[in-house]
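Asker: The listed protein sequences derive, respectively, from chains W and U.
Going left to right, the first sequence walks through residues 384 to 702 as this note's numbering numbers them.
Going left to right, the second sequence walks through residues 683 to 1201 as this note's numbering numbers them.
Quick reminder that beta carbons are idealized off the backbone N, C-alpha and C, glycines included.
This is the structure I have questions about; it appears just below.
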Amino acid sequence: MHTPPRLSIRDALWPVIVGLLLAVSPVLRHGDLFAQTKPRASKVCLDCHTGQDSIMAATDHRLPAAEGPAARIACTDCHAGDQRHWEEDPKQYPMTDPAKLNAGSEARVCASCHQNAHQQNALERNVHAANDVNCSACHSVHRSTHPALLRQAESGLCYGCHGDVAGQFAKPYRHPVNDQILKCSDCHMTLDQTRRPLSRNGTNVCTKCHAEFEGPFPFEHQATVDYSTEEGGCISCHEPHGSSLPRMLNQPYEPPNFQLCTQCHSVPGHNLNPMHGTQWAGVPCNECHTDIHGSYVSHLFLSESLQSRGCFNAGCHQF
Amino acid sequence: MRTTTVSILSVMLVVTLAASPSSARTLDGTLKLGGIIRNQTGDRSAVQETFNVYDGFSVTELLLNGMMDPRDYVSLDLQEVNLDSRRGDFVFRRPGALKLTAGFDQHRQIFSPDGAINSKRKDWRVGAEVTPIRWVALTGSFDSQTRDGDRLPFPLGTVSSLGTQYDNALRSGEVAAQFDKDGRGAAVSYRASRYTDDLDQSTDRSGQVVSARLYSPSHFLGNWTHLLRAAYGVHRLSNRDLDYTLTNLQYTGVLQAARALQLRYRFEGNRVDDQATRLKTDRFENDADATYYYRYGQFSGGYGYETNDDDQTLTSYNTWRAGTIFRPGKYLDARVDYVSRVKKDQEDLTLLKDIDASQIRAKLQVRPRDELALGAGFSRREREFTTIGVDLKGDEFNAFGRYAYPGWGALSSDYSYSTDDYRDLTAGFHVRSHIVTARADFERLKNLRLGGGVTYLDIRRDLSIEKTLVFVEGTYTLQNDYHLEVRYNVYNYDDYLLLDRFYTANVLRLNVAYDLHLR
């Protein structure tokens, strides 16, 4: 059989690292991206926009008592324009409203202070940025008592756009999102975590709560490990939003076919074989293969208790 | 425990307030006390919505928001404090300098028809963020999760060799430092975790992960931006000399080639060295995307190539993406996107062999008036395991309408119809689902707010399940700062085929709310 050439990590990384250093070096020599040329004002704004300071008082954007170059924040940090707005004609010289900008333009305003992982992830395949959902679609930066200045509490905020997902959480078996025990961001915003790379199909998101399945197991089930070449990961068998089937399974686990397992495993020998006839036909797979998420004792995920049945006698099954 | 939880969080609030100058404190909030009257019949494990509905007295909510000079903010939010469940969050914030958080959550799961087989889940979390200077942030957090209770055999009626109970805990902590200056920055973090099982110590394990990221300049701040991430982690079984290590490197670059054209490239290299399987699994992923923006929307497309090599088998994936958004104004938003992913088993050694998968989605939203929004969507998912003879197909149609009339109230409704078809060499599984949700709010009457809603779920063909949730609620303002809240829920569930069970509950919630204002 022809064996395709294999790449080692070292082979693949060198070009990337060298390319990255070459790419970054000119950028590092750029000038100050935040050179402050516009006026910084807040108090004059409150002459007309009365009460805004009170509204913002409970937020991280609370206006400081003093203003000027050293002030922590000022209205003009976000609302671009110049003094003609308040000195001459506010209508002829309007200030910008970042909430009305597209996703990239508003993010640029917010990034002048907020450069955390949440924003960095917009670089990647962030579906919100890609669909031109701007920061203000989720965050109310002037007035919010919700964490992270969200417009409203999760999950209602998310359902506003993802109404189809709200329906999935009405199904009989689901994660307790509508019960306020979990939030959408508990699973979906893990992109923000610096440690996020150590997962492919989201399995490390699941093991945040379901720690008993994190492994390592001496005997791994390929369907449960997200680095598997077999399309592994929790969602191989489970529907995380909601399912009509117990245990949030994505296929029925009912006799005679137990499709949850047979979607990958064709096991005709279990239904009819020379030694046992049809003895095992229709028997739930996990009656023998108990530790299906990973076993500490058996490569077939069998239970030690089966030894009493004589399954592992010499010449029979290998434990 | 309930007293302990509430006390600890409350003491945090009081101490924080007491530490501030008395001349400049304000405290606003809400206290809701009440009770629940519940009448139920049938299988209590059927409807998750009632798992934590406690029949009796409850501190429904205690929300306190305090502000202190010069700019400190403190908040305590306790909800549903009763004998079965409770939640609480505490936040202290000095903008730009310090943020302290703490939280607790306890709830339960019910597994058996009579509720006797159940489990408790408790989560504790504390965190701190210090900003000593504007461009440095230091964070630390600690989480504790405990899960204990009864284990239900699955399928029902069998005897599980896993035992009848479980009692495990996961404790994890993380420290991180982040540096951001002039649009460029870096971050490093270290996370450690420990999992213990009181009933089976052979499963005890620990994990450690160090990770870093570097960017220059920050996204959106330059025409050419770079993000580099790296991480290394070890997970080890405590009582055996067995572990697996994970190594990862990612690079993403975005080039704003022209005002209307953005190019994006992403690389990811990943190795998992698993001593259990004695395999080193290497994964390399390269993705390139282009987005063209124009006045009324955007076009985007991309391609990705991925290889996954575990020393024994080699698989590769080709991914194609395309999409468009048309948005001539706020009254119309239409979008379509398509993605296909094809797995090729290079050596025909994996169990599943080759796989073809694709998804197409279309969405239309119109907003003829500010107060009215109507929309519809369609999606189709297909997945075919070409060699082993399995294919899956799912379609979903959905539609929604929202109408808000200032001073009167709001109406909203969502409907979705979905089909799911599964087929393998021996059998198939087919499901058709209708899901309807609707809600109405009425606020025209003085001192009175009324609301009501329904969720209806109907699942047919190889299943036969009906589920209905109905609620009506009202809030009446008795006098300044005092409110009476009433909410009545009906839960109904019928499974005629799979588990042949039903559940019906009537729940009445009564609360008296008082708005606090302390100066």
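(1) Enumerated in chain order, which unbroken segments of the beta strand (DSSP E) with a length of 3 residues or greater are wholly contained in the region 1140-1178 of chain U?
(2) Classify D547(W) as helix, strand or coil using the three-state DSSP reduction.
(3) Measuring only between beta-carbons, confirm whether C592(W) sits less than 8 Å from chain U.
(4) Between the alpha carbons of G652(W) and R1049(U), how many angstroms are there, rounded?
(5) Do L685(W) and T673(W) count as a contact pair if the criterion is CB distance below 8 Å?
(6) Closer than 7 Å to a non-hydrogen atom of the ligand HEM - does that hold for the CB of P814(U)?
(7) Excluding the five sequence neighbours on either side, which residues of its own chain have a C-beta within less than 6 Å of the C-beta of K1149(U), listed in chain order?
(8) Since Q890(U) is in the beta strand (DSSP E), which residue starts that stretch and which ends it?
(9) What whole-angstrom Cβ distance do F716(U) and T732(U) have, given they're in contact under 8 Å?
(10) I'd like to know if S705(U) contacts chain W, where contact means its C-beta is closer than 8 Å to some C-beta of that chain.
(11) Go to H908(U), then tell me how far its beta strand (DSSP E) extends in each direction, as first and last residue.
(12) For a contact defined as C-beta to C-beta under 7 Å, what are the partners of P564(W) on chain U?
(13) Any idea which residues DSSP pairs R790(U) with across the strands?
(14) For I1147(U), does the count of other Cβ atoms within 10 angstroms reach 16, so buried, or fall short, so exposed?
(15) Is there a Cβ of chain W sitting closer than 8 Å to that of Y897(U), yes or no?
(16) Are the Cβ atoms of R946(U) and V954(U) separated by less than 8 Å?
(17) What did DSSP end up calling A664(W) once you bin it into helix, strand or coil?
(18) Have a look at Y974(U) and Q980(U) and give me their C-alpha separation to the nearest angstrom.
(19) Output the distance between the C-alpha atoms of G539(W) and R768(U), rounded to the nearest integer angstrom.
(20) Quick one: does T1150(U) have its CB under 8 Å from some CB of chain W?
(21) Spell out whether any CB of chain W is found under 8 Å from the CB atom of E1167(U).
(22) My output table needs one value for Y636(W): the three-state DSSP class, helix, strand or coil.
(23) Indicate the three-state DSSP secondary structure (helix, strand or coil) for E731(U) in the structure shown.
(24) Taking 8 Å as the threshold (C-beta atoms), are P837(U) and P667(W) in contact?
(25) Judging by CA-CA distance, which residue of A912(U), G1057(U) and D849(U) is the nearest neighbour of Y1013(U)?
(26) Hey, could you find the ends of the alpha helix (DSSP H) D992(U) is sitting in?
(27) Just curious, the alpha helix (DSSP H) that I618(W) is in, first and last residue?
(28) Is the beta carbon of C493(W) less than 8 Å from the beta carbon of C518(W)?
(29) Looking at C544(W) and L533(W), is the spacing between their C-beta atoms short of 8 Å?
(30) Give me the Cα-Cα distance between A939(U) and S527(W), rounded to the nearest whole angstrom.
(31) Report the option in V756(U), L820(U), P795(U) and Y978(U) whose CA atom is closest to the CA atom of R1009(U).
(32) Distance, Cα to Cα, R692(W) vs D956(U)?
(33) Excluding the five sequence neighbours on either side, which residues of its own chain have a C-beta within less than 7 Å of the C-beta of N633(W), listed in chain order?
(34) If you measure beta-carbon to beta-carbon, which residues of the region 624-645 of chain W are closer than 9 Å to chain U?
(35) Within 8 Å (strictly less), CB to CB, does N721(U) reach chain W?
(36) Identify whether A1122(U) lies in helix, strand or coil by the three-state DSSP scheme.
Answerer: For this structure:
(1) 1147-1161 and 1164-1177
(2) helix
(3) yes
(4) 59 Å
(5) yes
(6) The ligand HEM is not among the ligands present in this structure, which contains no ligands whatsoever.
(7) L1139 and Y1175
(8) R887 to S898
(9) The residue asked about is misnamed: residue 716(U) is Gly in this sequence, not Phe. With a Cβ gap of about 17 Å, G716(U) and T732(U) do not count as contacting.
(10) Unreliable placement is indicated for S705(U), whose pLDDT of 49 sits below 50; the coordinate value is still reported in the next sentence. No, its Cβ sits nowhere closer than 8 Å to a Cβ of chain W.
(11) W906 to L919
(12) Reading off the sequence shown, one finds Ile at residue 564(W), where the question assumed Pro. Simply D787 and H789.
(13) K802(U)
(14) buried
(15) yes
(16) no
(17) coil
(18) 5 Å
(19) 21 Å
(20) no
(21) no
(22) coil
(23) helix
(24) yes
(25) G1057(U)
(26) From DSSP, D992(U) is part of no alpha helix (DSSP H); its letter is neither H nor E.
(27) No alpha helix (DSSP H) holds I618(W); DSSP gives it neither H nor E.
(28) yes
(29) no
(30) 37 Å
(31) Y978(U)
(32) 32 Å
(33) C620, H621, E622 and S626
(34) S627, L628, P629, R630, N633, Q634, P635, Y636, E637, P638, P639, N640, Q642 and T645
(35) no
(36) strand
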